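Residue numbers (the numbering used here): 1272 to 1326.
Where a beta carbon is used, it is the ideal one built from N, C-alpha and C, also for glycine.
Bear in mind that the values here come from a model prediction, so they are computed numbers and not experimental data.
Structure follows, in structure tokens:
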């Protein structure tokens, strides 16, 4: 199993998250004016079709 860094995330990448296969729908790198930068990722569960956002 390969390990990915958050800067390697891109749309269409398939990952195993919490035991469920997921596909990255959208990835946004956020640099707020104050505080640390982070990634905002929208994932689609390939089993259920549910889409959710994770930061």
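query = From residue 1322 to residue 1303, what distance separates their C-alpha atoms?
reply = 24 Å
In terms of residues, what are the limits of the beta strand (DSSP E) holding residue 1292?
1291-1301
*asked:* Once DSSP output is grouped into helix, strand and coil, what is the label at residue 1316?
replied: strand
* Could you tell me if residue 1301 is buried or exposed, where buried requires 16 or more neighbouring beta carbons within 10 angstroms of its beta carbon? => exposed
Residue 1324 to residue 1279 span [Cα, whole Å]: 17 Å
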